[in-house]
Amino acid sequence: MELKKYEFWFITGSQDLYGEETLKQVAKNSKAIVEALNKSGTLPCELVWKETLLTPDSIHKTLEQANADDNCAGVICWMHTFSPAKMWIAGLNAYRKPLLQLNTQFNEEIPYATMDMDFMNLNQAAHGDREFGFITSRMDLPRKVIVGHWSHPDTQKRIADWMRVARAVADGKTLRCLRFGDNMREVAVTDGDKVEAMIKFGWSVPYYGIGDLVAYMNDVKDSDINALFDEYNQKYEIVYGNDKDFVTAQIKEQAKIEIALRRFLKDNSGSALCTNFQDLHGMKQLPGLAIQRLLADGYGFGAEGDWKTSCFVRTFKAMTEGLVKPGKGNAFMEDYTYNLVPGKEANMGSHMLEVDPEIAVSKPKIEVHPLGIGGKEDPARMVFNAIEGEGLVSAVVDMGNRFRCVINEINVIKPEAELPKLPVARMLWKPYPNLSTSAEAWILAGGGHHTAFSNIITTEMLQDWCEMVGIECAVIGKDTTIPAFRNELRWNAAYWNMKK
Numbered sequence: 478m479e480l481k482k483y484e485f486w487f488i489t490g491s492q493d494l495y496g497e498e499t500l501k502q503v504a505k506n507s508k509a510i511v512e513a514l515n516k517s518g519t520l521p522c523e524l525v526w527k528e529t530l531l532t533p534d535s536i537h538k539t540l541e542q543a544n545a546d547d548n549c550a551g552v553i554c555w556m557h558t559f560s561p562a563k564m565w566i567a568g569l570n571a572y573r574k575p576l577l578q579l580n581t582q583f584n585e586e587i588p589y590a591t592m593d594m595d596f597m598n599l600n601q602a603a604h605g606d607r608e609f610g611f612i613t614s615r616m617d618l619p620r621k622v623i624v625g626h627w628s629h630p631d632t633q634k635r636i637a638d639w640m641r642v643a644r645a646v647a648d649g650k651t652l653r654c655l656r657f658g659d660n661m662r663e664v665a666v667t668d669g670d671k672v673e674a675m676i677k678f679g680w681s682v683p684y685y686g687i688g689d690l691v692a693y694m695n696d697v698k699d700s701d702i703n704a705l706f707d708e709y710n711q712k713y714e715i716v717y718g719n720d721k722d723f724v725t726a727q728i729k730e731q732a733k734i735e736i737a738l739r740r741f742l743k744d745n746s747g748s749a750l751c752t753n754f755q756d757l758h759g760m761k762q763l764p765g766l767a768i769q770r771l772l773a774d775g776y777g778f779g780a781e782g783d784w785k786t787s788c789f790v791r792t793f794k795a796m797t798e799g800l801v802k803p804g805k806g807n808a809f810m811e812d813y814t815y816n817l818v819p820g821k822e823a824n825m826g827s828h829m830l831e832v833d834p835e836i837a838v839s840k841p842k843i844e845v846h847p848l849g850i851g852g853k854e855d856p857a858r859m860v861f862n863a864i865e866g867e868g869l870v871s872a873v874v875d876m877g878n879r880f881r882c883v884i885n886e887i888n889v890i891k892p893e894a895e896l897p898k899l900p901v902a903r904m905l906w907k908p909y910p911n912l913s914t915s916a917e918a919w920i921l922a923g924g925g926h927h928t929a930f931s932n933i934i935t936t937e938m939l940q941d942w943c944e945m946v947g948i949e950c951a952v953i954g955k956d957t958t959i960p961a962f963r964n965e966l967r968w969n970a971a972y973w974n975m976k977k
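For the sequence shown, position 260 matches number 737 in my numbering, and the numbering has no gaps at all.
Here is the structure:
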């Protein structure tokens with residue numbers, strides 16, 4: 478799926494006391510920064526320069542315009558000189574999108590030999606940004622602060638990451654997760670408050686009967702199925718075994734499901750979906766290969782009616798659009814089983830069918846096997862091991878009075894042996910700081926068994942996302958200890974109960 482072409486506004490703060498010549502230089506410098514950042518090739522979206530803001534009215538008007546512009550996904554503010562912060566109160570009170578304060582300055586170093594009072598009056602970011610920082614703190618506004626010279630690659634990378642997160646927040650405002658069937662019966666963690674999710678994230682989760690999809694499937698032409706099957710043959714390795722006709726028929730059934738799902742999602746403006754194997758009346762197979770293909774194209778997915786994970790996977794896709802390449806990707810994931818051998822502790826993740834081929838370590842195989850659950854025909858699915866290396870798994874859970882995002886930093890490793898009797902995609906990882914601490918902390922935090930995985934997204938990016946959407950964040954990483962994590966959860970509870 479192609480994301481909407483979002484942009485970000487670059488706003489420079491000052492005041493009219495400095496005189497015309499100084500303000501001309503302020504505008505010239507801020508334009509030069511915007512042009513350089515846009516030419517850097519690092520930013521995922523265009524940065525749009527705006528006139529220097531000098532008065533309360535101009536600030537309020539500009540920030541209201543940012544609110545109203547559907548293409549604007551956020552604002553970056555820089556106080557080149559000193560901008561009295563009372564001027565910003567009305568505008569910041571009205572502003573509703575992600576905010577980044579860039580604490581930078583035009584010059585990289587202090588010009589000791591030539592610096593005079595004119596230079597000092599012009600270059601006051603160390604002064605002005607603290608004034609702006611006070612008012613955003615005083616107003617308790619969610620925002621990001623990045624400190625560093627605008628030309629430095631690490632500064633540009635942090636700005637780019639923030640943009641990606643803000644873009645995902647904007648995408649979430651119009652995200653529609655098409656829900657075929659309801660939540661898996663009696664399961665708690667995958668359920669939640671859909672109204673509150675729409676208020677908090679913008680996620681819409683409309684219900685559709687599985688018969689609506691079956692009607693689309695009935696309209697799929699054999700010629701379209703055959704064409705897609707040919708594409709499968711080109712992209713993947715098909716394992717036919719001893720019954721080529723049977724395997725071909727089962728794969729073509731998945732092709733029919735994929736074609737129907739794509740058309741249904743397009744007709745109903747869906748960028749994510751969830752299914753439930755308890756509610757597949759009229760379908761021959763549980764969607765497997767079809768879902769994996771949709772995931773690879775940017776759709777979100779959650780199994781057993783898990784709409785929260787589906788929307789979260791789509792959010793990961795929106796954050797990383799343009800960065801996915803061999804060795805780098807995202808996936809729908811589920812915790813399955815542990816290796817508890819001392820010194821070899823690890824977590825095996827997988828799912829019945831629907832793990833994203835973005836994370837495949839090699840060319841995926843298409844295989845057909847019995848599923849053993851759901852009471853349907855043997856479905857086709859892609860089988861592969863996951864790429865190795867550092868990454869994270871994360872889940873959004875509904876705590877009743879708030880949403881919580883739980884993050885666990887992990888290291889994906891190669892399985893010690895082949896898995897010839899496990900015909901699904903799989904990923905083995907060592908969670909940080911270790912299996913016992915991470916699992917205990919995850920369970921204490923109420924994290925679900927379904928997660929979104931990425932080896933592109935960083936913990937800082939997810940923390941930024943939580944800040945933008947206004948939810949709790951709990952991180953399990955290399956330095957986590959259970960006593961400290963328990964206290965953090967207690968402090969979080971106190972804070973979020975107070976916020977309510």
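Glycine residues also receive a C-beta, built at the ideal position from the N, C-alpha and C atoms.
Query: Beta-carbon spacing of Ile953, Glu867 below 8 Å; Result: no
Query: Gln755 (DSSP reduced to helix, strand or coil); Result: coil
Query: Beta-bridge partners of Arg903, as assigned by DSSP; Result: Ser827 and Asn862
Query: Reduced DSSP secondary structure (H/G/I, E/B, other) of Trp555; Result: strand
Query: Length-filtered (3 minimum) beta strand (DSSP E) runs lying within the region 829 to 898; Result: 842 to 845, 857 to 860, 866 to 875 and 880 to 890
Query: Pairwise C-alpha distance: Lys955 and Gly518; Result: 32 Å
Query: Secondary structure of Glu965, DSSP reduced to three states; Result: helix
Query: Per-residue DSSP class, three states only, for Val622; Result: strand
Query: Distance between Gly777 and Phe678 (C-alpha atoms, nearest Å); Result: 15 Å
Query: Cutoff 7 Å; reference Val946; Cβ partners in own chain excluding five residues on either side; Result: Val646, Lys677 and Phe678
Query: Residues near Gly669 in its chain [Cβ-Cβ closer than 6 Å; skip 5 each side]; Result: Lys785 and Asp875
Query: Pair within 8 Å by beta-carbon distance, Pro841 and Met859; Result: yes
Query: For Ala808 and Gly779, the rounded distance between their alpha carbons; Result: 10 Å
Query: Whether Gly490 touches Ser560 by CB criterion (8 Å); Result: yes
Query: Nearest-angstrom Cα separation, counted from Thr529 out to Phe706; Result: 57 Å
Query: Cβ pair Arg641, Met796 closer than 8 Å; Result: yes
Query: Straight-line Cα distance separating Leu524 from Gln762; Result: 47 Å
Query: Stretch-stretch touch, CB-based, cutoff 8 Å, three pairs: the region 538 to 545 with the region 577 to 588; Result: no
Query: Integer-rounded CB distance, given that Glu854 should sit under 8 Å from Gln727; Result: 7 Å
Query: Lys805, DSSP secondary structure in three states; Result: strand
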